[in-house]
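Q: Numbering (this note's numbering), first residue to last: 333 to 730.
Would you mind keeping the following structure in view while I ask a few things?
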């Protein structure tokens, strides 16, 4: 794990000197764009935006990287020549000798996703699903739906916002008799669960906030995740349900949430080749919510199998999106705060490494993984723009 990736994310002067030709060229494009913005009919570049100062996702610019940070603002500032250059870089990423592709997590995928226009169309089709819920609060449960939700955020007539809730691993498994079996030996400790409740309350994804919003607006909160067995979502709902029970609002919570799952039926068939029929995936409720399961509406949206493999099964795509946050880390760091430089105590860093037993943790991306993510951001933004469905105004989250 790269210790520096969980320290303060402010770029120092010395780091800024490491910005390579790609960064300088894009920055020059920004300057030219701003100089011409008053006479241009295209979208205005955000006032006060300074390339290199608006680094998101705790992103360091490592001298071994070749791709600068790319989000909505950076894409909108690019000149046509810069876009052509990044399209070429996207296509040739795994052939580029200046990039150490051995740093990629998933060695089964040695190509960038969404290369064909058909795949891009199908990816956008799935992302558009979330437009249906644009007037409702949306909770993105873990990393899996994040690429689709970000695309919906960048899209005309897409969503206006969503809340990312870091959540990793599970302690339930499907059972023919019980429906879902709770594996007590790997479940969170009371101390860990208490810490996670504080996290949910701090980011306003706690049961009271969800119920209060329903009572105020009549809008249910959408909880969305990749659903196959549903064991991850079941584990999260147990935490949420136990919290609500202690607050005395369990039934109200059940009437204030709905589940929106995404996944692939073809993949389900591949997992069960001898089954006579395959049921649509759904989340089996944890014990605490089973008496109220009829209150919780569920929807499942099937996606193109190739898109599913490239955007969900491909761990290069999945791992580089956001924070890994298993319950072993709940008492150690706060995922909504660690990237802003609040973890400076090396003792805490070592404690986290020990607790996670050497697993990949937080967003300790290698230089190649950073490059991969930013190029994929570019590819999606470019795909939306080419189809004339990119938002005219959007501000990226910090």
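Think of the CB as a built atom: it goes at the ideal place given N, C-alpha and C, for glycine as much as any other residue.
Note that this is a predicted model, so its numbers are computed, not measured.
By the 10 Å Cβ neighbour count, where 16 or more other Cβ atoms means buried, how is residue 483 classified, buried or exposed?
A: Residue numbering aside, residue 483 sits at position 151 when the chain shown is read from its first letter. Buried, since its Cβ has 16 or more Cβ neighbours within 10 Å.
Q: Looking only at its own chain, which residues have a Cβ that is under 6 Å from the Cβ of residue 637, when we skip the five neighbours before and after it?
A: Here residue 637 refers to the residue found at position 305 of the chain shown. So the list reads 596, 598, once near-sequence residues are dropped.
Q: So, helix, strand or coil for residue 506, using DSSP?
A: By one-based count along the chain shown, residue 506 stands at place 174. Strand at residue 506.
Q: Rounded C-beta distance between residue 539 and residue 494? I'm assuming under 8 Å.
A: Walking along the chain shown from the start, residue 539 turns up at place 207. Walking along the chain shown from the start, residue 494 turns up at place 162. 18 Å between Cβ atoms; not a contact.
Q: Under the three-state reduction of DSSP, which class applies to residue 558: helix, strand or coil?
A: Looking up residue 558 in the chain shown gives position 226. Here residue 558 sits in strand by DSSP.
Q: Which one of 488, 593, 478 has the shortest CA to CA distance from residue 615?
A: Indexing the chain shown from 1 puts residue 615 at position 283. The shortest Cα separation from residue 615 among 488, 593, 478 belongs to 593.
Q: Nearest CA to the CA of residue 705: which residue from 412, 413, 433, 409?
A: What you label residue 705 is simply residue 373 of the chain shown in a count that begins at 1. Cα-wise, what sits closest to residue 705 is 433.
Q: Look at the alpha carbon of residue 471 and the alpha carbon of residue 459, and state the distance between them as a whole number of angstroms.
A: As a first step, residue 471 is located in the chain shown; it is residue number 139 there, counting from the start. As a first step, residue 459 is located in the chain shown; it is residue number 127 there, counting from the start. Roughly 15 Å between the two C-alpha positions.
Q: Can you tell me which of the three DSSP states residue 553 falls into?
A: Within the chain shown, numbered from 1, the residue matching residue 553 stands at position 221. Looking at residue 553 - three-state DSSP - the assignment turns out to be strand.
Q: Are the beta-carbon atoms belonging to residue 473 and residue 555 less than 7 Å from one another?
A: Position 141 of the chain shown, counting from 1, holds the residue named residue 473. Position 223 of the chain shown, counting from 1, holds the residue named residue 555. In contact: residue 473 and residue 555 (Cβ atoms closer than 7 Å).
Q: Using only the alpha-carbon positions, how far apart do residue 533 and residue 512 sit?
A: What you label residue 533 is simply residue 201 of the chain shown in a count that begins at 1. What you label residue 512 is simply residue 180 of the chain shown in a count that begins at 1. Approximately 27 Å, taken between the alpha carbons.
Q: Count the other C-beta atoms from every protein chain shown that fall within 10 angstroms of the C-beta of residue 703, then say buried if there are 16 or more, exposed otherwise.
A: Translated into positions along the chain shown, residue 703 becomes position 371. Residue 703 is buried by the Cβ-count criterion.
Q: Which of the three DSSP states is assigned to residue 535 in this structure?
A: Mapped onto the chain shown, residue 535 falls at position 203. Here residue 535 sits in coil by DSSP.
Q: Pairs of beta-carbons, one from the stretch 580-587 and one from the stretch 623-630, closer than 8 Å: are there three or more?
A: yes
Q: Look at the alpha carbon of residue 719 and the alpha carbon of residue 455, and state the distance between them as a whole number of angstroms.
A: Along the chain shown, read from residue 1 onward, the residue named residue 719 stands at position 387. Along the chain shown, read from residue 1 onward, the residue named residue 455 stands at position 123. The straight-line gap from Cα to Cα measures roughly 13 Å.
Q: Report buried or exposed for residue 531, applying the criterion of at least 16 other Cβ atoms within 10 angstroms of its Cβ.
A: Numbered from 1 along the chain shown, position 199 holds the residue referred to as residue 531. Result: buried.
Q: Does DSSP put residue 436 in a helix, in a strand, or in coil?
A: Residue 436 sits at position 104 when you count from the first residue of the chain shown. In the structure shown, residue 436 sits in coil (DSSP, three-state: anything other than H, G, I, E or B).
Q: Assuming residue 566 contacts residue 617 under a Cβ cut-off of 8 Å, what Cβ separation, rounded to an integer in Å, is found between them?
A: Here the question's residue 566 lines up with position 234 in the chain shown. Here the question's residue 617 lines up with position 285 in the chain shown. Contact flag correct, Cβ pair sits at about 7 Å.
Q: Residue 419 to residue 591, Cα distance in whole Å?
A: Here the question's residue 419 lines up with position 87 in the chain shown. Here the question's residue 591 lines up with position 259 in the chain shown. About 36 Å.
Q: Helix, strand or coil for residue 566 per DSSP?
A: Numbered from its first residue, the chain shown carries residue 566 at position 234. DSSP places residue 566 within a helical segment (H, G or I) once states are collapsed to three.
Q: I need the straight-line Cα distance from residue 564 to residue 414, nearest angstrom please.
A: To locate residue 564, count along the chain shown from 1; it is residue 232. To locate residue 414, count along the chain shown from 1; it is residue 82. Approximately 41 Å, taken between the alpha carbons.
Q: Tell me the rounded alpha-carbon separation between residue 518 and residue 506.
A: Here residue 518 refers to the residue found at position 186 when the chain shown is read from its first residue. Here residue 506 refers to the residue found at position 174 when the chain shown is read from its first residue. If I take the Cα positions, the gap works out to 15 Å.
Q: Just verifying my parser: in three-state terms, what is the DSSP assignment at residue 631?
A: Residue numbering aside, residue 631 sits at position 299 when the chain shown is read from its first letter. Looking at residue 631 - three-state DSSP - the assignment turns out to be strand.
Q: Out of curiosity, what's the CA-to-CA distance linking residue 386 and residue 478?
A: Here residue 386 is taken as the residue at index 54 of the chain shown, counted from 1. Here residue 478 is taken as the residue at index 146 of the chain shown, counted from 1. Since pLDDT at residue 386 reaches only 41, below the 50 mark, its modelled position is unreliable, and no value is offered.
Q: Do you know offhand how far residue 721's Cα is from residue 557's?
A: Here residue 721 corresponds to residue number 389 of the chain shown, with the count starting at 1. Here residue 557 corresponds to residue number 225 of the chain shown, with the count starting at 1. Taking the straight line from one Cα to the other gives about 24 Å.
Q: Cα separation between residue 499 and residue 422?
A: As a position in the chain shown, residue 499 is number 167, starting the count at 1. As a position in the chain shown, residue 422 is number 90, starting the count at 1. For residue 499 and residue 422, the distance between alpha carbons rounds to 30 Å.
Q: Run through the DSSP bridge pairs and tell me what residue 715 is partnered with.
A: On the chain shown, position 383 is the one that residue 715 refers to. None, per the DSSP bridge assignment.
Q: As an exercise, report each continuous alpha helix (DSSP H) stretch of at least 4 residues that is fully enclosed by the stretch 440-488, in chain order.
A: 449-459, 478-486
Q: Take the Cβ of residue 408 as the centre, count every other Cβ of all protein chains shown within 10 Å, and call the residue buried at 16 or more, exposed below.
A: Indexing the chain shown from 1 puts residue 408 at position 76. Label assigned to residue 408: buried.
Q: Do you know offhand how far residue 529's Cα is from residue 496's?
A: Your numbering for residue 529 matches position 197 in the chain shown. Your numbering for residue 496 matches position 164 in the chain shown. If I take the Cα positions, the gap works out to 15 Å.
Q: According to DSSP, is residue 656 part of a helix, a strand, or is it coil?
A: Within the chain shown, numbered from 1, the residue matching residue 656 stands at position 324. If DSSP states are grouped into helix, strand and coil, residue 656 belongs with the strands.
Q: Answer yes or no: do residue 398 and residue 430 have a C-beta to C-beta separation smaller than 7 Å?
A: Sequence index remark: in the chain shown, residue 398 carries index 66 (1-based). Sequence index remark: in the chain shown, residue 430 carries index 98 (1-based). Going by C-beta atoms, residue 398 is nearer than 7 Å to residue 430.
Q: To the nearest angstrom, report how far apart residue 676 and residue 541 are at their CA atoms.
A: Locating residue 676 in the chain shown gives position 344, counting from the first residue. Locating residue 541 in the chain shown gives position 209, counting from the first residue. Confidence at residue 676 is low in this model, with a pLDDT of 43, below 50, so the placement of that residue is unreliable and no value is reported for it.
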